[in-house]
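Peer 1: What follows is a structure written as structure tokens; I'll ask about it next.
4 protein chains.
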Amino acid sequence: MEQLKVGIIGLGRIGKIHAKNLIALADVALIMASDPDPQARDFATALGIPAVVEGFDPIFSNPDIEAVVICSPTDTHFECIEKAAAAGQHIFCEKPLDMTVEAIEKIVEIVTEAKVKLQVGFNRRFDVHFARIRSLVEAGAVGETHILKITSRDPGPPPISYIERSGGLFLDMTIHDFDMARFIVGSEVKEVFAIGRVRVDQAIGAAGDVDTAIVNLTFEDGTIATIDNSRKASYGYDQRLEIFGSKGMAHIGNQQADSHTVYNADGIHQPVLLDFFLERYEQAYQREIQDFVAAIRAGKSVPVDAHDALMATKIGMAAWRSVKENRPVALSEI
Amino acid sequence: MEQLKVGIIGLGRIGKIHAKNLIALADVALIMASDPDPQARDFATALGIPAVVEGFDPIFSNPDIEAVVICSPTDTHFECIEKAAAAGQHIFCEKPLDMTVEAIEKIVEIVTEAKVKLQVGFNRRFDVHFARIRSLVEAGAVGETHILKITSRDPGPPPISYIERSGGLFLDMTIHDFDMARFIVGSEVKEVFAIGRVRVDQAIGAAGDVDTAIVNLTFEDGTIATIDNSRKASYGYDQRLEIFGSKGMAHIGNQQADSHTVYNADGIHQPVLLDFFLERYEQAYQREIQDFVAAIRAGKSVPVDAHDALMATKIGMAAWRSVKENRPVALSEI
Amino acid sequence: MEQLKVGIIGLGRIGKIHAKNLIALADVALIMASDPDPQARDFATALGIPAVVEGFDPIFSNPDIEAVVICSPTDTHFECIEKAAAAGQHIFCEKPLDMTVEAIEKIVEIVTEAKVKLQVGFNRRFDVHFARIRSLVEAGAVGETHILKITSRDPGPPPISYIERSGGLFLDMTIHDFDMARFIVGSEVKEVFAIGRVRVDQAIGAAGDVDTAIVNLTFEDGTIATIDNSRKASYGYDQRLEIFGSKGMAHIGNQQADSHTVYNADGIHQPVLLDFFLERYEQAYQREIQDFVAAIRAGKSVPVDAHDALMATKIGMAAWRSVKENRPVALSEI
Amino acid sequence: MEQLKVGIIGLGRIGKIHAKNLIALADVALIMASDPDPQARDFATALGIPAVVEGFDPIFSNPDIEAVVICSPTDTHFECIEKAAAAGQHIFCEKPLDMTVEAIEKIVEIVTEAKVKLQVGFNRRFDVHFARIRSLVEAGAVGETHILKITSRDPGPPPISYIERSGGLFLDMTIHDFDMARFIVGSEVKEVFAIGRVRVDQAIGAAGDVDTAIVNLTFEDGTIATIDNSRKASYGYDQRLEIFGSKGMAHIGNQQADSHTVYNADGIHQPVLLDFFLERYEQAYQREIQDFVAAIRAGKSVPVDAHDALMATKIGMAAWRSVKENRPVALSEI
């Protein structure tokens, strides 16, 4: 079998993970990597990537490259997507595609016209646990879906400098839950009501963000959802979901580094949760790239695309407006 | 020790439970029972209650009776409370005290002036599991409270005839969760946002009620809460709560009739949840009456009073207005 | 319905529990109690038992008494049973019936000839959890039974003075597990191999007993079992059982006073187990007396009888011989 | 860093796993593979192993090879170890090292004299869950160890042809539990008592083996252990362990492919356990090879060596003698 020839743009924390996962795939040849940082380029060379360059353009001008994996900063995504599409290269792009709804709408247009596939890095859909819940819902195990509950709490807040450019909680963190909600329910969101508070760190509030939130969604199919978030859970990365319907409920709890229990005179004890997304979703990162490659090979749709990014972003925008105006906001307003 | 002399009014389903629990208390003498139904009076006689009457007035005119337990229909509560207070009798009254905020405000006045204690039957506060969560919160185990989550789902809907007179989901069912929320957080509710849907049975909608709901509460101390309800959970009576704060989280799960697990080729299986409130809260009913008697004996405040009933009712009213106007409703509007 | 007239002999810790449980039964009249200790007699009077006597004989000579509950010291059991049987009274007797196999065999004879029922106080059979496992086995949920595992560990050792008269670990503690094993498997034990160690307290060894043990049983139907015991589990009263067979496994875990979980930076925590048998088997004590009364009323066999006591005692004797001779001991040797 | 040059002998099911895990290590060069089967050699070539040969000798005569991984049939282990030791190559050898105690004793001698390291493939020690229990015991979390319980049940029996050459249950399956018991307790076994039955398949009995067993171990430090085994657990690969001591208990339960729970009218359901050792111990296989390589690089002892293989084999032999003679067998008898 001919290997799919892939280039990677950006070798930061998440780019390094994708590079390793690509190299581990027998049917992929990662033939070029690009990063302005010399240390990142050294990493790529050590991995055995044959061509390692500083700027992005050699990737788009290389006629051998069939697909690109974009892990560069968010403000470069649009330009990279535009050039890759012009070069006829399929695209895997990390989230968020862009900070504005308008740009993402334009991206949908560009990739549609260029007839290239674009997969967006909503990695949680590829987690074996959450994916199993989706397949249970599709199989009718819970009947008609009535109530969705998602708990998503980080072990600690990101730096304020990140928060200042990230779009805030609803666009850098809850956006994963918005995508998960659409994925699990299989229907579109009609309206959003959000409550946001600053409870963890006043500096987060000073940066214009919130750190503690509840967001309700109503779906076109009648399902209602409640999501709760915190920037700081003392006990680790808390990722749970339950979907309740006419026939029953399906639930996913948390994962731990190891599953031991100690019983002593103080009680019964288990270890804290896995620390954060790189550990919790390690296998999901592997699966999303495998599925991207498989979709290209099979000439099929990618499992999560620019439209999904658009919808999650719109929900995030609606959540912010809801907090600011203290009222439910219809998605059609965005 | 002198026994406390008690009379009971109304021997329907819940009255029978209270009668049995009173008789089991060594420091109580249940000396009179009243019910218009001859079968209920036969039940009382068989229990060994010395005086069993048809109308309510003999209870209030009996100078030996120190306390009354009111389990008659809701529309008789106000009159019974008024008469008991006039007779200087302490009062345990089943929920709801009354269907209107005005009447409950009047009740607060009446019992305050008469200097009698009035305890309202919010039984869940006396459940050992939920009470433990409250004591953990008070002890600071979760730090400052940030997010409260309550799931409360019934195994099946009540008759439509009940729904027509009950005040609907937020006043007959969620009202318990509203009281629980105030109890656990220890702060007052400022604002309510509710989403209600008819998903279980269209007849419920035709009766003007909803059967599936999410309610958000914001508290004066900054805590935010989300409650989800359904009239029908296929797997039994689902009663869970978690409180999340700066130091961690405390959680209570469900109870089962027995805790066996079967492992077979189809998977790992446990039995459904306890069917409903009489089983799930059997011991809570015992403890609430014990605590009522103990408060009278000790001359102390009852653990849950008419003010608590008033606040829970106001939250329920606000939830209904929120659903009808699709906006957050401040408690001060009620 | 005519009430069954019952007398109770011995009002120590367990006698008090039985007395209260008898009084709570509507179809029982506890008409006489006997205890040499004045404080115990005061307790009986306060409970409202009409006749309270010092010696045992007035119980047996009272022609109204249809059944006796014997909770006096073990060395009085034989005489009490003999006299009750002579009086035609049905008998509930606490375990152990007697310390010797010969006496228990004689008891089997006596009650058979007198045609009175004798139920022995193996309370755990009446625990809703263990009873459920038995009914699952009977219903074929695990198929043919292959392996039984019982863990039974006390929260702390009894006084040395108790151990000196109790027959030791296998006869005062494991005897419950031997009865449970026969109950769950539904077959007779053929052979016993036991390992006993002194690990908790050297004084226990000095008294001729062991405090830590593993006992294997082989059953006539081919099932094999392993039981492990300790006199001291730091985390509470540990009572678990699993039965494994051709179709799967059924399992019962422990019970806690309340089922809360706390998550914090140190991990995930639950409270210790229920402290000891009076709490853990509170409802089992109620059910065993109910079932005794029901068997008498229905003229049916009692659920656990002198033969069961005999077999459990023989297994205990075999376990001791196995430890002393370090070899498997056939039950037929006892 | 210079890569460690490794050769692999035998590319059956487990050899393929080791080959892949070796290739994934950045500090290892897998430079030669040997297998008599042409398909296995094609697999090796496809993996990119530079030299792929039919016979074993080219591995031992290759002066570049610093370490060998032996995955060939058991009856070739001795010869391979002898030749590798003569060549000064460090050795990782799959279990069992050999079928006789004498040969393993000879192996201990050979590798000691040749001053090469020999690690044996007791993969379970490298499972993160079991390793965590060992570190808890070492840290004193359970105090003095009193009782060890291991449950180890396979999802289905191996072919009869395998059983005929494997040494039977105690040497092909329980041997892992014997090694685990020594690893967790950190003391040597003194005596073994075993009960073996044929309950799963009469053909297993006809082949001279048992399929259902309980084995008790007594340790020099006073700890006692009970292990239960079955060749066929309908619900998957059951691998549990608990260690109980003066301060408490540490426990490891099972792992599932995904951790979802479904609640419906029939009860609460989770999926079956991971099917078998290749899935359950996938990461343990990776870690054992990493630790082997790390021990060579650091010039330190390997974590599990020929002496460990010898002891586990002796315990297995004692278990067989115990079953045949129905008595406890001292390890010193073997």
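Chains as they are written, first to last, in our numbering: chain S, 1 to 334; chain A, 1001 to 1334; chain H, 2001 to 2334; chain Y, 3001 to 3334.
C-beta: ideal position from N, C-alpha, C; glycine also.
All figures in this text were calculated on a predicted structure; none of them were measured in a lab.
A:T1074 lies in the alpha helix (DSSP H); which residues open and close that run?
Peer 2: Per DSSP, A:T1074 belongs to the alpha helix (DSSP H) from 1074-1086.
Peer 1: Y:M3180 to Y:G3316, Cα distance in whole Å?
Peer 2: Distance between the alpha carbons of Y:M3180 and Y:G3316: 13 Å.
Peer 1: Output needed for H:V2293: all residues of its chain with C-beta closer than 7 Å, excluding positions within five of it in sequence on either side, in chain order.
Peer 2: L2004, L2025, D2027, V2028, listed in sequence order.
Peer 1: S:T45 bridges to which residues according to DSSP?
Peer 2: According to DSSP, which records beta bridges pairwise, S:T45 is partnered with nothing at all.
Peer 1: Please compile the residues from chain S whose C-beta is within a distance smaller than 7 Å of the C-beta of A:S1234.
Peer 2: Simply K247, G248.
Peer 1: State yes or no: is the C-beta of H:R2197 within less than 8 Å of the C-beta of Y:I3224?
Peer 2: Their beta carbons are under 8 Å apart, which means H:R2197 touches Y:I3224 by this criterion.
Peer 1: Where DSSP assigns a beta bridge to Y:K3005, which residues make up the other side?
Peer 2: Answer by DSSP bridge pairing, in chain order: Y:A3029.
Peer 1: In chain order, which alpha helix (DSSP H) runs of at least 4 residues are fully inside the stretch 3284-3332 of chain Y?
Peer 2: Correct list: 3306-3325.
Peer 1: Compare the C-beta of H:A2257 with all C-beta atoms of chain S and state if any pair is closer than 8 Å.
Peer 2: Closer than 8 Å: no.
Peer 1: Tell me which residues share the same chain as Y:I3065 and place their Cβ nearer than 8 Å to its Cβ, disregarding the 5 neighbours each side in the sequence.
Peer 2: K3005, V3006, G3007, I3031, M3032, I3059, A3087, Q3089, listed in sequence order.
Peer 1: Report yes if the C-beta distance between A:R1231 and A:N1254 is below 8 Å; otherwise report no.
Peer 2: Result no, Cβ atoms of A:R1231 and A:N1254 do not sit closer than 8 Å.
Peer 1: Give the residues from the stretch 1268-1299 of chain A that approach chain Y closer than 7 Å (Cβ to any Cβ), ordered along the chain.
Peer 2: Hits within the stretch, in order: I1268, H1269, Q1270, P1271, V1272.
Peer 1: Residues in the stretch 2182-2206 of chain H with C-beta within 8 Å of chain A's C-beta atoms, listed in sequence order?
Peer 2: For the stretch 2182-2206 of chain H, which is checked against every Cβ of chain A, not one residue is closer than 8 Å.
Peer 1: Please list, in chain order, the chain H residues whose beta carbon lies closer than 8 Å to that of Y:G3222.
Peer 2: Residues of chain H passing the Cβ test: R2197, R2199.
Peer 1: Does A:P1328 pass the burial test, meaning 16 or more other C-beta atoms within 10 Å, or should it be called exposed?
Peer 2: Flag for A:P1328 reads buried.
Peer 1: Taking the CB atoms as reference points, tell me whether S:F276 and S:Y235 lie closer together than 8 Å.
Peer 2: Cβ distance not < 8 Å, so S:F276 and S:Y235 don't count as in contact.
Peer 1: On the three-state DSSP scale, how would you describe A:I1104?
Peer 2: The answer is helix: DSSP assigns A:I1104 an H, G or I state.
Peer 1: Mind reading off the beta-carbon distance from H:A2233 to H:A2213? Whole number of angstroms is fine, and I expect it under 8 Å.
Peer 2: That pair is no contact at about 13 Å.
Peer 1: Using a Cβ cut-off of 8 Å (strictly closer), state whether Y:Y3263 contacts chain A.
Peer 2: With 8 Å as the cut-off, Y:Y3263 counts as an interface residue toward chain A.
Peer 1: How would you call S:D305, buried or exposed, if buried means at least 16 neighbouring beta carbons within 10 angstroms?
Peer 2: Its Cβ being crowded by 16 or more others within 10 Å, S:D305 is buried.
Peer 1: Tell me, please, which residues DSSP counts as bridged to A:G1269.
Peer 2: Before going further, note that residue 1269 of chain A is His rather than Gly in the sequence given. DSSP, once it has assigned bridges, lists A:V1262, Y:H3269 as partnering A:H1269.
Peer 1: Mind listing the chain H neighbours of A:R1132? Cutoff is C-beta to C-beta under 7 Å, in chain order.
Peer 2: The answer, in chain order, is D2258, H2260.
Peer 1: Measuring straight from C-alpha to C-alpha, what distance separates A:L1011 and A:V1069?
Peer 2: So the two alpha carbons sit approximately 10 Å from each other.
Peer 1: For S:I147, go through chain A and note every residue whose CB falls closer than 8 Å to its CB, in chain order.
Peer 2: Result: T1212, I1214, D1228, S1230.
Peer 1: Could you tell me which chain A residues have their CB closer than 7 Å to the CB of S:T218, listed as they occur along the chain?
Peer 2: Near S:T218 (Cβ distances below 7 Å), the residues of chain A are I1195.
Peer 1: Under 7 Å Cβ to Cβ from A:I1268, same chain only, skipping five residues before and after it: list those, please.
Peer 2: So the qualifying residues of the chain are T1261.
Peer 1: Using DSSP with H/G/I as helix, E/B as strand and the rest coil, what is S:G205?
Peer 2: If DSSP states are grouped into helix, strand and coil, S:G205 belongs with the helices.
Peer 1: With distances taken Cα to Cα, identify the nearest neighbour of H:F2178 among H:A2203, H:P2155, H:N2229.
Peer 2: The shortest C-alpha separation from H:F2178 is found at H:N2229.
Peer 1: For a cutoff of 8 Å on Cβ pairs, would you count A:H1018 as touching chain H?
Peer 2: No - not a single Cβ of chain H is within 8 Å of the one on A:H1018.
Peer 1: What residues of chain A sit near H:I2252, judged by a beta carbon separation below 7 Å?
Peer 2: Those are S1259, H1260, listed as they occur along chain A.
Peer 1: With a threshold of 8 Å between beta carbons, is S:R321 in contact with chain A?
Peer 2: Answer no: the Cβ-Cβ gap between S:R321 and chain A never drops below 8 Å.
Peer 1: Which of the residues in the stretch 1114-1133 of chain A, read from start to end, lie with their CB under 7 Å from any CB of chain H?
Peer 2: Listed by position, the residues of the stretch 1114-1133 of chain A near chain H (Cβ gap below 7 Å) are V1128, H1129, R1132, I1133.
Peer 1: Between S:A207 and S:T74, what straight-line distance do the alpha-carbon atoms span, to the nearest angstrom?
Peer 2: The alpha-carbon atoms of S:A207 and S:T74 are separated by roughly 19 Å.
Peer 1: Buried or exposed: H:L2278, going by 16 or more other Cβ atoms within 10 Å of its Cβ?
Peer 2: Flag for H:L2278 reads exposed.
Peer 1: Is H:A2335 close to chain A, meaning its C-beta is less than 8 Å from at least one C-beta of that chain?
Peer 2: Residue 2335 of chain H lies beyond the stretch modelled for chain H, which goes from 2001 to 2334, so this question has no answer here.
Peer 1: Any idea which residues DSSP pairs H:G2245 with across the strands?
Peer 2: Looking at the DSSP assignment, H:G2245 forms a beta bridge with H:T2145.
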